[in-house]
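**Q** Quick one: the structure is below, and I'll ask about it shortly.
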Amino acid sequence: MTTTRTRRRWWWAGAMVAALIVLVVVAGPVTTVQWPPSRATVSSFSDAHDLSTLVAQLERAERAAGVTDTGVSKRIVFARSDSGPDARPRRTPWSVVYLHGFSATRQETAPLPEDVASALGANLFETRLRGHGLPGDSLRHVTATDWLIDTEEALAIGRALGDSVLVIGTSTGGTLAAWLAEQPRAHREGLAAVVLLAPNFAPRDPAAMVLTLPWANRVLPPFIPYREWTPRNDAQRRYWTVRYPSTVLFPMQALVEYVRESPLDHYDLATLVFYSEADAVVDPARTAAWIARVQNTNRARLEVVPVTPVDDDDAHVIAGRIMAPHQTEQIRDRIVDFVRRR
Numbered sequence: 001m002t003t004t005r006t007r008r009r010w011w012w013a014g015a016m017v018a019a020l021i022v023l024v025v026v027a028g029p030v031t032t033v034q035w036p037p038s039r040a041t042v043s044s045f046s047d048a049h050d051l052s053t054l055v056a057q058l059e060r061a062e063r064a065a066g067v068t069d070t071g072v073s074k075r076i077v078f079a080r081s082d083s084g085p086d087a088r089p090r091r092t093p094w095s096v097v098y099l100h101g102f103s104a105t106r107q108e109t110a111p112l113p114e115d116v117a118s119a120l121g122a123n124l125f126e127t128r129l130r131g132h133g134l135p136g137d138s139l140r141h142v143t144a145t146d147w148l149i150d151t152e153e154a155l156a157i158g159r160a161l162g163d164s165v166l167v168i169g170t171s172t173g174g175t176l177a178a179w180l181a182e183q184p185r186a187h188r189e190g191l192a193a194v195v196l197l198a199p200n201f202a203p204r205d206p207a208a209m210v211l212t213l214p215w216a217n218r219v220l221p222p223f224i225p226y227r228e229w230t231p232r233n234d235a236q237r238r239y240w241t242v243r244y245p246s247t248v249l250f251p252m253q254a255l256v257e258y259v260r261e262s263p264l265d266h267y268d269l270a271t272l273v274f275y276s277e278a279d280a281v282v283d284p285a286r287t288a289a290w291i292a293r294v295q296n297t298n299r300a301r302l303e304v305v306p307v308t309p310v311d312d313d314d315a316h317v318i319a320g321r322i323m324a325p326h327q328t329e330q331i332r333d334r335i336v337d338f339v340r341r342r
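If you read the sequence shown in UniProt numbering, its first letter stands for residue 1, the second for the next number, and so on.
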C-alpha cells in the first residue's frame, strides 16, 4: 500500500512538473504584431496642402534618420507638366506608391515604379521602410509595427499626390500592400488598386516557422547573431542590406503570418499578383493559398500572372535593372494595362 501511494505521489509530482514546464514554454515571449499601435501614427505628411513642401519634409526626415545615400532615401517624383519646368507640382488623377522588400530599398525594382507612374501620368512616392538603407545594425530594434506605420504614411503621401492611389509592393513590401488592402475602407481611403510582385506570405525556408514560437526570440539570436548573404553584383551590394542582426527576422516573420492569417472581410480592391512557382525566397504555395482566399470572397477584381524569371537565379526579383532587366518592360506594360482597365 505504501509503495502504491508513493508511486502515485511521484506520478502526480512528475505530472505537475511536466505541466509547469509546458506552461512556461507556451507562455514564453513571442514576437507579435501590435496593431493598432499604442502611440499616435498620424502622418504629418497627410496634412500637406502645398505639394512642393512634401519634398522638403521628406528630405529633413531622412536626414534626421541618418540616411546619407540619396539612392535609397524616400523620394517623390512629380509627373511632367505641360505648363513648363517652373510649374508648381499638382495632384494627378493617379498616384503610385512603391513599397520595397525586406533588406532592400527602392532600387530593388527600379525603374519599374517610375516607368509605371510615367505611363499613367502619375506622381510617384517611393518609401524607405524603417531601418533599411542604413548600416545593418539599424535593423536591430525595428518592429513590424514600425513597418505598418511606414505603410500608412506612404498611403497618406499617395493621397496627397493623387486622387486614386496605386500601391506596388515587392516581396515583404507586397505583404504590406496586402495588409493595406485588407483594412476597412475608412482606413485605406484613396487606395484604388494594389500590385503584388512575388509577395511574401511565407519564406521558402520551412525553418522560418520557428521564428514565432515561444522563446525563439530569446534562444536563437545568441547562436545565430547575424545573417549574411553574398550579393550578385555591386549594385545589389550597395542597395540591399547584406548583413543584419538575426533579431529582425522575428518581426518579419510575425508580420508575414499576421497578414497571411488576417480576415478578408473588407478585401474588395483591384489586385494584380505576379509570382513564380520557382521562387526560392518566398513560398509560392502560400501565395497560391492566399490568392485562393481572395478569390473566394468574390468581391475583389483579382488577376494573377505566372512569371518565368529569366534573370534572377532565385526567381524572386522579377523586375528592375539590377536583378531582372529583361522583364521590366513586360511587367510595366501589364501593370499599366491593368490600371487602365480598372
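For each residue, glycine too, the CB sits at the ideal point set by N, CA and C.
Small disclaimer: the values here were computed from a predicted structure and weren't measured.
#1: Are there 16 or more other CB atoms within 10 angstroms of the CB of TRP179, so buried, or fewer, so exposed?
#2: Going along the chain, which unbroken runs of the beta strand (DSSP E) with 3 or more residues stay wholly within the region 205-247?
#3: Using the Cα positions of GLY174 and ILE168, report the straight-line distance between them to the nearest angstrom.
#4: Give me whichever residues DSSP pairs with PRO306 in a beta bridge.
#5: Let me know if THR270 comes out buried or exposed under the rule of 16 or more other beta-carbons within 10 Å of its beta-carbon.
#6: Does GLU114 come out as helix, strand or coil in the three-state DSSP assignment?
#7: I need the DSSP call for ARG334, collapsed to helix, strand or coil.
#8: Rounded to whole angstroms, what is the Cα-Cα separation between ALA208 and VAL77?
#9: Have a look at THR32, ALA280, LYS74, LEU120 and flag the residue whose alpha-carbon is nearest the alpha-carbon of ASP313.
#10: Sorted by chain position, which residues of the same chain lie with C-beta nearer than 6 angstroms to GLY136's C-beta, five sequence neighbours on each side aside?
#11: Please work out which residues of its chain come closer than 8 angstroms, Cβ to Cβ, to SER52, disregarding the five sequence neighbours upstream and downstream, and give them in chain order.
#12: Count Cβ pairs between the region 30-39 and the region 201-219 that sit closer than 8 angstroms; are there 3 or more?
#13: Could you spell out the range, first to last residue, of the beta strand (DSSP E) harbouring THR170?
#14: Just how far apart, CA to CA, sit THR170 and VAL219?
#15: Measuring straight from C-alpha to C-alpha, what distance separates ASP337 and ILE331?
#16: In angstroms with no decimal places, state the Cα-to-Cα distance between ALA177 and THR68.
#17: Between which residues of its own chain and ALA278 is the CB-CB distance below 6 angstroms, once the five residues before and five after are set aside?
#18: For TRP35, name the three-state secondary structure that DSSP assigns.
#19: For ASN200, which three-state DSSP category applies?
**A** In this structure, then:
#1: TRP179 is buried by the Cβ-count criterion.
#2: As far as the region 205-247 is concerned, its whole beta strand (DSSP E) runs of at least 3 residues are 226-228, 243-245.
#3: Their Cα atoms are separated by approximately 7 angstroms.
#4: Note: PRO306 sits in a beta bridge opposite TYR275.
#5: Residue identity check: residue 270 is Ala in the sequence provided, not Thr. By the Cβ-count criterion, ALA270 is buried, with 16 or more other Cβ atoms from all chains shown falling within 10 Å of its own Cβ.
#6: It is helical.
#7: ARG334: helix per DSSP, three-state reduction.
#8: For ALA208 and VAL77, the distance between alpha carbons rounds to 37 angstroms.
#9: Ranking the options by Cα distance to ASP313, first place goes to ALA280.
#10: Sequence-distant Cβ neighbours of GLY136 in its own chain, meaning closer than 6 angstroms and more than five residues away, are THR241, ARG243, TYR244.
#11: When the five nearest sequence neighbours on each side are left out, the beta carbons in the same chain lying within less than 8 angstroms of the beta carbon of SER52 are those of ARG88, PRO89, in order along the chain.
#12: Touching, yes.
#13: Note, THR170: beta strand (DSSP E), 162-170.
#14: Within the model, the alpha-carbon separation for THR170 versus VAL219 is close to 30 angstroms.
#15: Between ASP337 and ILE331, the C-alpha separation is close to 10 angstroms.
#16: Going by the C-alpha atoms only, they are around 27 angstroms apart.
#17: Counting only residues of its own chain and dropping the five nearest sequence neighbours on each side, ALA278 has a CB closer than 6 angstroms to the CB of ALA315.
#18: Three-state result, TRP35: coil.
#19: The answer is coil: DSSP assigns ASN200 none of H, G, I, E or B.
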